[in-house]
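Numbering (our numbering), first residue to last: 8 to 284.
Following: one structure in structure tokens, then a few remarks.
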Ligand SMILES: C[S@@+](CC[C@H](N)C(=O)[O-])C[C@H]1O[C@@H](n2cnc3c(N)ncnc32)[C@H](O)[C@@H]1O
């Protein structure tokens, strides 16, 4: 199996693949950023991190389409969907008849907000709360992350996203999720996963100061809460992704490394081969 891994900074101007979206898509992103009629959770209930909810959602819609080649007719699975930061912009892009979106998350409040706000208007957007244990997000959860099996048939999705989720998982759970992504993607489908991928020793330039967690492939930036910002050895991430049978297309460095980039976290794109060899 061959893997092409781009590990150089990619300028914003290089993000659009030939034949990718044009001016109309820029207009759509502006609309998502500025349209005050799009739903927005109350500020105090946003638990998915600092930053502008609308702007980050619009930013990722841009990455999904430009980097991940997301099409309006595709079936999306958003693992760790939080409180709809990715789903709200996707309502403006997905074809209401043929596209679909499924989001899962362990945090009940986020799922309730999405199910009550988005699904009644966009019935092909579904949200499901799973009681997966996580020390920060769901400490009382009954299902260990290492035992997760999502309740969908094989090859059910064309596009799977994990945005700022791998950055909260220990390596053994990340491995389970990569296997699940490979199972759930249809041939030609893409996994779009963000991570803090650590290659070698830190340069000192990085905006997060990661330290190795014990002797394993996991790294942490906050000693008191290692899963608040979890890094993962790049070699481990790429090897586990490839072992699932996915083809690693690129790992694009993010500007958390102190470099110029279009996104903060690193972005891994891995593709399900059209035919297994
Ligand atoms: C930083 S938030 C990102 C949320 C969303 N992806 C976004 O970008 O708006 C991390 C999310 O991962 C979810 N999460 C934590 N542990 C998880 C797990 N084991 N499986 C799936 N989701 C998890 C959290 O509940 C939270 O919604």
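From the three backbone atoms N, C-alpha and C, an ideal C-beta is built for every residue, glycine too.
- The three-state reading of DSSP puts residue 154 in helix, counting H, G and I together.
- Contact annotation: residue 279 and residue 162 have beta-carbon atoms nearer than 9 angstroms.
- Short of 6 angstroms from the beta carbon of residue 134, and not among the five residues preceding or following it, lie these beta carbons of its own chain, in chain order: 110, 118, 121 and 122.
- Taking every protein chain shown into account, the CB of residue 54 has fewer than 16 other CB atoms within 10 angstroms, so this residue is exposed.
- The region 88-102 makes contact with the region 46-64: 3 or more CB pairs, one atom from each, lie closer than 8 angstroms.
- Distance from the C-beta of residue 144 to the nearest heavy atom of ligand 1 is below 8 angstroms.
- Nearest Cα to residue 27 within the set 73, 52, 50 and 277: 73.
- For residue 128, the three-state secondary structure derived from DSSP is coil.
- Looking at the DSSP output, residue 227 shares a beta bridge with 218 and 237.
- Residue side-chain check: residue 92 places its Cβ nearer than 8 angstroms to a non-hydrogen atom of ligand 1.
- Ligand 1 has a heavy atom closer than 8 angstroms to the beta-carbon of residue 137.
- According to the DSSP secondary-structure assignment, residue 110 is paired through a beta bridge with 85 and 134.
- Sequence-distant Cβ neighbours of residue 185 in its own chain, meaning closer than 6 angstroms and more than five residues away, are 247, 248 and 251.
- Contact annotation: residue 160 and residue 137 have beta-carbon atoms that are not nearer than 9 angstroms.
- Contact between the region 163-175 and the region 211-222 is absent, with fewer than three C-beta pairs closer than 8 angstroms.
- The three-state secondary structure of residue 93, taken from DSSP, is coil.
- Between residue 176 and residue 152, the gap from beta carbon to beta carbon is short of 9 angstroms.
- For residue 74, no alpha helix (DSSP H) segment is defined, and its DSSP state is neither H nor E.
- Between the alpha carbons of residue 203 and residue 108 lies a gap of roughly 26 angstroms.
- Within the same chain, Cβ atoms closer than 6 angstroms to the Cβ of residue 101 are found at 79, the five residues on either side in sequence being excluded.
- Distances from the CB of residue 114 to the heavy atoms of ligand 1 include at least one below 8 angstroms.
- Residues 226, 227 and 233 of the same chain have their beta carbon placed closer than 7 angstroms to that of residue 220, with the five preceding and five following residues left out of the count.
- For the pair residue 38 and residue 222, the Cα-to-Cα distance works out to about 47 angstroms.
- With a cut-off of 8 angstroms, the C-beta of residue 77 is classified as distant from ligand 1, since no heavy atom of the ligand falls inside that distance.
- Nearest neighbour of residue 106 by Cα position, chosen from 264, 224, 67 and 130, turns out to be 130.
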